[in-house]
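J.: Dumping the structure here so I can ask a few things about it.
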Amino acid sequence: IDESPQTNEFKGATEETLTNETPHSSECKGAALLSPISKRVFGVFLVLLDVTLLLADLIFNDSKLYIPLVYHCISLAIALFFLMDILLRVFVEGWIHLVRLLRLIILMRIFHLIHQKRQLEKLMRRLVSENKRRYIRDGFDLDLTYVTERIIAMSFPSSGRQSFYRNPIEEVVRFLDKKHPNHYRVYNLCSERAYDPKYFHNRVSRIMIDDHNVPTLHEMVVFTKEANEWMAQDPENIVAVHCKGGKGRTGTMICAFLIASEIFLTAEESLYYFGERRTDKTNSNKFQGVETPSQNRYVGYFAQVKHLYNWNLPPRRILFIKRFIIYSIRGDVCDLKVQIVMEKKVVFSSTSLGNCSILHDIETDRVLIDVFNGPPLYDDVKVQFFSSNLPKYYDNCPFFFWFNTSFIQSNRLYLPRNELDNPHKQKTWKIYPPQFAAEVLFGEK
């Protein structure tokens with residue numbers, strides 16, 4: 001009987017001891033988990049590396065010495081690593097341990113990083129613009145290239161969240177107002193986005209071109225004549241042209257203007273020059289010119305407009321598609337469908353009953369699509385192909401192309417793989433072999 005209270009007392013003391021020791025044990029386990037020798041060594045290495053990168057950034061920030069983008073990425077990754085490390089330690093050990101000198105240094109580094117919001121924005125913009133040539137001087141860092149002294153190519157002037165990784169519209173306005181006050185005109189080639197023209201003192205023209213697509217030949221003639229007239233008004237006048245990334249649609253129009261102003265005579269010369277000017281090869285050799293085959297084709301069309309038709313549209317020619325032939329397409333394409341777009345409207349779709357027949361000729365490795373009672377086609381025409389068994393790429397379809405009826409010769413258009421939009425990209429070549437091609441046969445009745 002006398003031993004029972006002692007046993008209970010001992011048991012209570014034991015429970016109290018265990019209760020008191022449990023948090024301490026958790027802290028020890030957490031500390032042991034977070035601070036093995038290998039992680040301490042790794043942490044010291046990261047601190048030294050980060051300090052080195054930080055000093056390099058401070059020393060060479062205003063110099064012309066090029067610091068590769070990857071170094072900025074490494075510095076950011078290190079800071080984020082330490083931020084996560086500190087948050088875990090606070091969770092396990094409490095705030096009191098943050099007074100240690102090394103952790104204070106790391107915290108100061110993180111606060112420094114937070115105050116470097118502008119640097120982070122520059123980092124994101126450079127990641128998005130990749131190796132496009134940027135304007136980095138006089139307090140500006142913009143995805144903007146002087147193609148010539150009077151022609152600027154740039155990405156979309158953005159506001160809100162998009163300005164974090166693209167050109168902030170306020171900075172673009174500040175640049176143009178400082179460098180070319182009252183002597184610039186802006187061309188927005190995006191159909192998908194716009195801004196208030198008042199930003200640029202209402203000197204904005206908009207041409208509605210879909211992403212990865214082409215302007216109409218009429219729009220190319222109007223743009224080049226309007227830009228040429230603006231340039232002729234004053235030798236200081238310049239044009240700033242942009243789409244979303246400042247490459248495909250922008251390059252198409254600028255290359256047309258280079259031909260119109262007789263800086264270059266051929267499409268090949270103007271396309272090569274634009275690509276060279278827009279690409280910063282000190283960062284990467286990735287080509288930043290006009291890549292889409294239809295866009296290249298339309299620059300070629302414009303060269304003929306300038307030289308053969310005296311900068312005027314060619315005579316309209318009305319054609320009817322009689323047959324499509326698709327060569328060497330892989331996979332099951334029994335559900336292959338074709339759609340024809342003209343003047344932004346679908347004028348033909350093979351999904352309609354009785355308007356075509358589709359035959360997959362396995363022996364000749366061809367798909368034959370005969371069109372019955374097709375619509376009359378004229379000027380700029382877009383052809384899209386669809387299949388549930390083929391992956392979709394640009395324009396939400398497996399492959400497509402544009403042509404202008406006035407330039408069709410012998411009632412036949414043959415386009416190999418490298419002249420078809422989407423199959424021209426190497427990432428699609430597992431589906432589209434080198435022999436892949438599309439042919440269109442026309443009639444005039």
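Mapping to UniProt numbering: the sequence shown position 168 is 168, numbers consecutive.
Beta carbons are placed, not taken as given, at the ideal position from N, Cα and C, and that holds for glycine.
Nothing here was measured: the structure is a model prediction, and the numbers come from that model.
#1: Can you give me the Cβ contacts of Met220 inside the same chain, cut-off strictly under 6 Å, excluding the 5 residues immediately before and after it?
#2: Out of Leu441, Pro423 and Glu439, which one is the CA nearest neighbour of Pro433?
#3: Please state whether the Cβ-Cβ distance between Phe324 and Val186 is less than 7 Å.
#4: What residue range is occupied by the uninterrupted beta strand (DSSP E) comprising Ala267?
#5: Using alpha carbons as the reference points, say which of Val367, Arg150, Arg133 and Asp138 lies closest to residue 471.
#6: Contact defined as beta carbons within less than 8 Å: I believe Leu413 pairs with Phe403. What is the distance between those atoms, to the nearest angstrom?
#7: Excluding the 5 residues flanking Cys334 on each side, which residues of the same chain have their C-beta closer than 7 Å to its C-beta?
#8: Less than 7 Å separating the beta-carbons of Thr292 and His242?
#9: Name the DSSP beta bridge partners of residue 459, please?
#10: Ends of the beta strand (DSSP E) at Arg137?
#11: Whose CA, out of Arg150, Val347 and Thr250, lies closest to the CA of Phe156?
#12: Since Gln384 and Phe400 are thought to touch, with beta carbons under 8 Å apart, how far apart are those beta carbons, to the nearest angstrom?
#13: On the DSSP bridge assignment, give the partners of Tyr146 in chain order.
#14: Here's the rule: buried if 16 or more other CB atoms are within 10 angstroms of the residue's CB, otherwise exposed. What is Leu176?
#15: Just to confirm, are Val367 and Ile321 a CB contact at a threshold of 7 Å?
#16: Are the CB atoms of Gly289 and Gly300 within a distance shorter than 7 Å?
#17: Do you know whose CA, among Ala77, Thr351 and Arg330, lies nearest Thr428's CA?
#18: Quick check on this structure: which residue in Pro416, Ser349 and Asp421 has the alpha carbon closest to the alpha carbon of Gln435?
#19: With DSSP as the reference, label Lys382 as helix, strand or coil.
#20: Considering just the uninterrupted stretch of the beta strand (DSSP E) at Cys255, what are its terminal residues?
#21: In the DSSP assignment, the beta strand (DSSP E) including Ser357 goes from what residue to what residue?
#22: Touch check for the region 189–197 and the region 276–284: three-plus C-beta pairs under 8 Å?
#23: Please list, in chain order, all residues of the same chain as Tyr146 whose beta carbon is under 7 Å from its beta carbon, the five residues on each side excluded.
#24: Identify which residue in Thr216, Val222, Pro215 and Ala227 has its Cα closest to the Cα of Arg203.
#25: Taking DSSP as the reference, what is the three-state secondary structure of Ile169?
#26: If you draw a straight line from the C-alpha of Leu258 to the C-alpha of Ser270, how long is it?
#27: Does the Cβ of Gly245 have 16 or more other Cβ atoms within 10 Å, making it buried, or fewer, making it exposed?
#28: Would the beta-carbon of Leu377 fall within 7 Å of that of Thr351?
#29: Nearest by alpha-carbon distance to Asp332: which of Tyr272, Ile362, Ser158 and Phe223 is it?
#30: Just to confirm the assignment, what range does the beta strand (DSSP E) spanning Asn404 have?
#31: Are Pro315 and Val347 closer than 7 Å when you measure CB to CB?
#32: Mind checking which residues open and close the beta strand (DSSP E) that includes Ser349?
#33: Might you give, ordered along the chain, the residues of its own chain that have their beta carbon closer than 6 Å to the beta carbon of Asn237, omitting 5 neighbours on each side?
#34: Quick check: Ala260 and Tyr327, are their CB atoms within less than 7 Å of each other?
#35: How many angstroms separate the CA atom of Asn418 from the CA atom of Lys425?
#36: Mapping the DSSP letters down to three states, classify Lys29 as helix, strand or coil.
T.: To lay it out plainly:
#1: Translated into the one-based positions of the sequence shown, residue 220 becomes position 220. Apart from sequence neighbours up to five positions away, the residues of its chain that approach Met220 with a beta-carbon distance below 6 Å are Ala256 and Phe302, ordered along the chain.
#2: Translated into positions along the sequence shown, residue 433 becomes position 433. Pro433 has its Cα closest to that of Pro423, out of Leu441, Pro423 and Glu439.
#3: Within the sequence shown, the letter at position 324 stands for residue 324. Within the sequence shown, the letter at position 186 stands for residue 186. Their beta carbons are not under 7 Å apart, which means Phe324 does not touch Val186 by this criterion.
#4: Locating residue 267 in the sequence shown gives position 267, counting from the first residue. Secondary structure note for Ala267: it is in no beta strand (DSSP E), and the uninterrupted alpha helix (DSSP H) holding it is Ala267 to Arg278.
#5: Outside the modelled stretch of the chain, which goes from 1 to 445, sits residue 471, for which no answer is possible.
#6: As a position in the sequence shown, residue 413 is number 413, starting the count at 1. As a position in the sequence shown, residue 403 is number 403, starting the count at 1. Under the criterion of beta carbons closer than 8 Å, Leu413 and Phe403 qualify as touching, at roughly 6 Å.
#7: Locating residue 334 in the sequence shown gives position 334, counting from the first residue. So the list reads His360, once near-sequence residues are dropped.
#8: By one-based count along the sequence shown, residue 292 stands at place 292. By one-based count along the sequence shown, residue 242 stands at place 242. No, these two residues do not count as a Cβ contact at 7 Å.
#9: No statement about residue 459 is possible, as the shown extent of the chain runs from 1 to 445 and does not include it.
#10: Position 137 of the sequence shown, counted from the first residue, corresponds to residue 137. That run of the beta strand (DSSP E) goes Tyr135 to Arg137.
#11: Numbered from its first residue, the sequence shown carries residue 156 at position 156. Of the candidates Arg150, Val347 and Thr250, the one whose C-alpha sits nearest the C-alpha of Phe156 is Thr250.
#12: As a position in the sequence shown, residue 384 is number 384, starting the count at 1. As a position in the sequence shown, residue 400 is number 400, starting the count at 1. The C-beta distance from Gln384 to Phe400 rounds to 4 Å, short enough to fall under 8 Å.
#13: Along the sequence shown, read from residue 1 onward, the residue named residue 146 stands at position 146. By DSSP's assignment, Tyr146 forms a beta bridge with Ile152.
#14: Here residue 176 refers to the residue found at position 176 of the sequence shown. In summary, Leu176 is buried, with 16 or more beta-carbon neighbours lying within 10 Å of its beta-carbon over all protein chains present.
#15: As a first step, residue 367 must be located in the sequence shown, where it is residue number 367. As a first step, residue 321 must be located in the sequence shown, where it is residue number 321. Contact flag unset, no.
#16: As a working mapping, residue 300 is identified with position 300 in the sequence shown. As a working mapping, residue 289 is identified with position 289 in the sequence shown. Pairing Gly300 with Gly289 gives a Cβ-Cβ distance that is not under 7 Å.
#17: To locate residue 428, count along the sequence shown from 1; it is residue 428. Measuring from the Cα of Thr428, the nearest candidate turns out to be Arg330.
#18: Here residue 435 is taken as the residue at index 435 of the sequence shown, counted from 1. Nearest option by C-alpha distance: Pro416.
#19: Sequence index remark: in the sequence shown, residue 382 carries index 382 (1-based). Note: Lys382 maps to strand in three-state DSSP.
#20: To locate residue 255, count along the sequence shown from 1; it is residue 255. Unbroken run through Cys255 is the alpha helix (DSSP H), Gly248 to Ala260; no beta strand (DSSP E).
#21: As a working note, residue 357 is residue 357 in the sequence shown. Judged by DSSP secondary structure, Ser357 falls within the beta strand (DSSP E) whose first and last residues are Cys356 to Asp361.
#22: Contact between the region 189–197 and the region 276–284 is not established, with fewer than three Cβ pairs separated by less than 8 Å.
#23: Counted from its first residue, the sequence shown places residue 146 at position 146. Close CB contacts of Tyr146 within its chain, under the 7 Å cut and outside five residues either way in sequence, are with Ile152 (chain order).
#24: The residue labelled residue 203 in the question sits at position 203 within the sequence shown. Comparing Cα positions, the closest option is Ala227.
#25: Reading the sequence shown from its first residue, position 169 is the one you call residue 169. Here Ile169 carries a helix assignment [DSSP, helix/strand/coil].
#26: In the sequence shown, residue 258 corresponds to position 258, counting from 1. In the sequence shown, residue 270 corresponds to position 270, counting from 1. Rounded to whole angstroms, Leu258 to Ser270 spans 6 Å at the Cα level.
#27: Numbered from its first residue, the sequence shown carries residue 245 at position 245. Gly245 is buried by the Cβ-count criterion.
#28: Numbered from 1 along the sequence shown, position 377 holds the residue referred to as residue 377. Numbered from 1 along the sequence shown, position 351 holds the residue referred to as residue 351. Result no, Cβ atoms of Leu377 and Thr351 do not sit closer than 7 Å.
#29: The count along the sequence shown starts at 1 and reaches residue 332 at position 332. Among Tyr272, Ile362, Ser158 and Phe223, the Cα nearest to that of Asp332 is on Ile362.
#30: Looking up residue 404 in the sequence shown gives position 404. Counting along the chain, the beta strand (DSSP E) containing Asn404 begins and ends at Phe399 to Asn404.
#31: Within the sequence shown, the letter at position 315 stands for residue 315. Within the sequence shown, the letter at position 347 stands for residue 347. No, Cβ-Cβ distance for Pro315 and Val347 is not below 7 Å.
#32: Counting from one through the sequence shown, the residue named residue 349 turns up at place 349. Per DSSP, the unbroken beta strand (DSSP E) holding Ser349 starts and ends at Lys345 to Ser349.
#33: Against the sequence shown, residue 237 aligns to sequence position 237. Contacts found: His183, Trp230 and Met231.
#34: Along the sequence shown, read from residue 1 onward, the residue named residue 260 stands at position 260. Along the sequence shown, read from residue 1 onward, the residue named residue 327 stands at position 327. At a Cβ-Cβ threshold of 7 Å, Ala260 and Tyr327 do not count as neighbours.
#35: The sequence position of residue 418 within the sequence shown is 418, counting from 1. The sequence position of residue 425 within the sequence shown is 425, counting from 1. Rounded to the nearest angstrom, the two C-alpha atoms are 8 Å apart.
#36: Position 29 of the sequence shown, counted from the first residue, corresponds to residue 29. Because the pLDDT at Lys29 is just 48, under 50, the model does not fix this residue reliably, and the point stays unresolved.
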